[in-house]
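Taken in sequence, the protein lines are chains A and B. 1 is the number of the first residue of the first sequence in this note's numbering; add one for each residue after it. 358 is the number of the first residue of the second sequence in this note's numbering; add one for each residue after it.
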Amino acid sequence: MGTLKLDGLNKRYGASTAVERVDLDVAEGEFVSLLGPSGCGKTTTLRMVAGFIEPSAGRVLIAGRDVTTAPPYARNTGMVFQSYALFPHMSVGQNVGFGLEMRKVGRAERDTRVREALRLVQLEHLAERLPRELSGGQQQRVALARALVINPAVFLLDEPLSNLDAKLRAEVRLEIRELQQRLGLTTLFVTHDQDEALAMSDRLVVLENGRVQQVGSAEDLYERPANAFVAGFVGRCNLLAGTLEGQGRFRLDKGALVPCAPDAIAGTLLALRPERVAITPAEGAGDLVGTVRSVTYLGAQTEYHVDLDGTGILAVRPTPPAHDPLRRLASGDRAALHWEPAAARLLADDPLDRSSP
Amino acid sequence: MSATLTTQTPAPGGLAPSAWTDGLARLVFRILLVAAYAIIFAPMVTVAIVSVFDQEIVSVPPPGLTLKWYTNAWLQRDFARGFVTSLQIALLASAIGVPVGTAAALAIARGRFPGREVLNTFLLAPLAVPAIVAGSALYLYFVAAENLFDQDIKGTLGGLVLANVLLTIPWTVRLVGASLAGLDRSAEEAASNLGAPPATVFRRITLPMMRPGIVAASLFSFVASFENLELNLLLVGPGRTTLPVAMLSYLEFRMDPTLAAVATVQIAAIGAMMLITDRFVKLSRVV
Ligand SMILES: Nc1ncnc2c1ncn2[C@@H]1O[C@H](COP(=O)(O)OP(=O)(O)OP(=O)(O)O)[C@@H](O)[C@H]1O
Ligand SMILES: [Mg+2]
């Protein structure tokens, strides 16, 4: 096991840039996810770490050693591919033993370690099977065992769960996290599924257009997004354009004056999580009164789209009990909105203006 | 929601038309399937049947059945010799063409050099030229080369093998190339990731994964060369004739079911070879 350091990592394809100046430190035993929309450069970054893509600039350090120019087979990373990439002509046991064979581990020790690795993923009984005789989830676990058995310095996973059905995905993601913690694996995990990333990671790296938008824990990203992209990508968020008018007061472009965090000193965008917006049927007392545009019942939760002087605001509340007057709220009704000022953070940039250079 | 559900509930009578068209579609499909197989197998079956008709000019129904055409074919030593020559040529041409074609297919699929497309087209070109034209051209070349080097080429085993390599290389490039195109590179990357240097990756992963394509290429190369008539027509020499050419010469003088007997043996030989191959590599998965 070792640390992983990316230092100004950059990859250009002709005129376009796939990955731009990515800096990242992964501590020993830490689980870090690369999260971002399709095409943002996650796979490219991971493959530069594994050595399949040569960076245009920057360095990769594994366990303190500069491996930027080292070939993949000399890097000691354990990678799990999206398609599993099992060797179709080898049995499960031979697949798992391949890395040990390459490391010239003797037959007896190899057999023991293969059996151990297969026990770890609960596939001991299938060692003799060929990959095509396994289910998708089982193949996935063989790929995990094959990457783990060599004790890699870093463990790399590229969307390993995307070919599994929803139920299995939730199961395997717990298994991976558990294994990772038990073995203390330094892990870089690629996904575009934010639930997956939030649930598994110690820290997350949000990428967009090849650039790091924010690095932090799940809570950091959700509660304190660095910019509009992160706010909109991780969870849902009301992003309201306007200007700061005084301490704790924000004037929306369409006219309404709303409360914002008192410590906000600048920003043209108010970020407000929908579940932080309380809604009550208007009694005249509320200071922010809007018109309900739609009410969507979703079982445990109900979504309210409210028009506040021309600005649409989404509120998500736990579905109120049947006798609650809120339950009778319907589109066209007037309703008052409240939120803690501290829940409304100001962000600098405008998502509509994010055309890449 | 509930409204759409109600309208979607089929009335008992509403099911009948769709079941009826379904059944019809399945029937039409079966008929087409049988027809397709009939068209493919009819000539072979006809040949086999005619080969036991007891008469010289074929008519239906035959006066009786006999195996005398097989005896006759055996007694005509040209056929047996032609069979052996064809076998030699096909084996040697495959033994040369398959490795060369495989290497070329690898270079075309994996290499990064200018003119890959051109090389591909060039190597497939012999299949596009009518074999009789290629055969004539080779004849002229061989004559010229013979004069130049003062060395027999036409009618020698070497010359015939050389010509037949023009069949086996394109077939191999095409079949191995197709199998390489469908090959998942990530297995090779996984091996590399696990510590295997490039040569080991090739030997332990790439080559075994290419095996079905190479087997198919060997089989098709062999068959293409073994049953080829036109390319070899002008290149055979006295005492060295291929089986198809021997059959054509026989046809010039006589037209009895002896040829049907020879063809039946030929078909049986190729069929047996396919069955044997299929035991090692499932052909249905290869082609
Ligand atoms: N070989 C290449 N040549 C040119 N551009 C490339 C190449 N490989 C990737 N790119 C570009 O680099 C960008 C990043 O690609 P990458 O595969 O890293 O995305 P990703 O974040 O993994 O996306 P996904 O979630 O869809 O897998 C994309 O815009 C892609 O089009
Ligand atoms: Mg990707």
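Even for Gly, the Cβ is constructed at its ideal location relative to N, Cα and C. No experiment lies behind these values; they were computed from the predicted model shown.
Say whether chain A places a C-beta atom closer than 9 Å to the C-beta of residue i.
| i | result |
| --- | --- |
| Pro-343 (chain B) | Beyond the ends of chain B as shown, which are 358 and 644, falls residue 343 (chain B); an answer cannot be given. |
| Thr-634 (chain B) | no |
| Ile-562 (chain B) | yes |
| Ser-543 (chain B) | yes |
| Arg-467 (chain B) | no |
| Leu-551 (chain B) | yes |
| Arg-597 (chain B) | no |
| Thr-459 (chain B) | no |
| Ala-538 (chain B) | no |
| Ala-547 (chain B) | yes |
| Met-612 (chain B) | no |
| Met-358 (chain B) | Because Met-358 (chain B) sits at a pLDDT of 38, beneath the cut-off of 50, its placement in the model cannot be relied upon, and the point is left open. |
Just to confirm, are residue i and residue j a CB contact at a threshold of 9 Å?
| i | j | result |
| --- | --- | --- |
| Val-306 (chain A) | Arg-293 (chain A) | yes |
| Val-172 (chain A) | Arg-129 (chain A) | no |
| Glu-208 (chain A) | Ser-33 (chain A) | no |
| Pro-262 (chain A) | Ala-342 (chain A) | yes |
| Val-455 (chain B) | Ile-627 (chain B) | no |
| Asn-521 (chain B) | Asn-585 (chain B) | yes |
| Leu-298 (chain A) | Trp-339 (chain A) | no |
| Pro-595 (chain B) | Lys-639 (chain B) | no |
| Ile-150 (chain A) | Gly-552 (chain B) | yes |
| Leu-590 (chain B) | Ile-489 (chain B) | yes |
| Pro-131 (chain A) | Gln-139 (chain A) | yes |
| Ser-38 (chain A) | Asn-10 (chain A) | no |
| Glu-219 (chain A) | Val-190 (chain A) | no |
| Thr-186 (chain A) | Ala-27 (chain A) | yes |
| Met-604 (chain B) | Ala-620 (chain B) | yes |
| Leu-424 (chain B) | Val-404 (chain B) | no |
| Leu-6 (chain A) | Leu-24 (chain A) | yes |
| Leu-61 (chain A) | Val-92 (chain A) | no |
Can you tell me which of the three DSSP states residue i falls into?
| i | result |
| --- | --- |
| His-305 (chain A) | strand |
| Leu-495 (chain B) | helix |
| Leu-524 (chain B) | helix |
| Asp-613 (chain B) | coil |
| Leu-630 (chain B) | The amino acid at residue 630 (chain B) is misidentified as Leu; the sequence shows Met. The answer is helix: DSSP assigns Met-630 (chain B) an H, G or I state. |
| Phe-87 (chain A) | coil |
| Ile-313 (chain A) | strand |
| Glu-340 (chain A) | coil |
| Val-205 (chain A) | strand |
| Gly-570 (chain B) | helix |
| Arg-110 (chain A) | helix |
| Phe-189 (chain A) | strand |
| Val-404 (chain B) | helix |
| Thr-513 (chain B) | coil |
| Asp-635 (chain B) | helix |
| Pro-351 (chain A) | With a pLDDT of 47 at Pro-351 (chain A), under the threshold of 50, the modelled position of that residue is not reliable, and the figure given next carries that caveat. Note: Pro-351 (chain A) maps to helix in three-state DSSP. |
| Pro-281 (chain A) | strand |
| Ser-56 (chain A) | coil |
If residue i sits next to residue j, beta carbons under 8 Å apart, how far is it from one beta carbon to the other, in whole angstroms?
| i | j | result |
| --- | --- | --- |
| Ala-63 (chain A) | Thr-3 (chain A) | 6 Å |
| Pro-483 (chain B) | Ala-491 (chain B) | 6 Å |
| Ala-544 (chain B) | Met-566 (chain B) | 7 Å |
| Ile-279 (chain A) | Arg-317 (chain A) | 6 Å |
| Ala-231 (chain A) | Leu-347 (chain A) | 6 Å |
| Thr-598 (chain B) | Asp-435 (chain B) | 6 Å |
| Val-580 (chain B) | Ile-526 (chain B) | Contact doesn't hold; Cβ gap of about 15 Å is too wide. |
| Leu-118 (chain A) | Ala-145 (chain A) | 6 Å |
With 9 Å as the threshold, decide whether the Cβ of residue i is near any Cβ in chain B.
| i | result |
| --- | --- |
| Leu-6 (chain A) | no |
| Gly-36 (chain A) | no |
| Ser-83 (chain A) | yes |
| Met-102 (chain A) | yes |
| Phe-87 (chain A) | yes |
| Pro-71 (chain A) | yes |
| Gly-99 (chain A) | yes |
| Ile-150 (chain A) | yes |
| Ala-50 (chain A) | yes |
| Asn-163 (chain A) | no |
| Ala-153 (chain A) | no |
| Ala-77 (chain A) | Residue identity differs from the one stated: residue 77 (chain A) is Thr in this sequence, not Ala. Closer than 9 Å to some Cβ of chain B, the Cβ of Thr-77 (chain A) qualifies, so yes. |
| Arg-107 (chain A) | no |
| Glu-124 (chain A) | no |
| Leu-61 (chain A) | no |
Hey, would you say the C-beta of residue i is under 8 Å away from at least one heavy atom of ligand 3?
| i | result |
| --- | --- |
| Gln-194 (chain A) | What this structure holds is ligand 1 and ligand 2, not ligand 3. |
- Residue list, Cβ distance to ligand 1 heavy atoms smaller than 5 Å: Spelled out in chain order, the answer is A:Tyr-13, A:Ala-18, A:Ser-38, A:Gly-39, A:Cys-40, A:Gly-41, A:Lys-42, A:Thr-43, A:Thr-44 and A:His-192.
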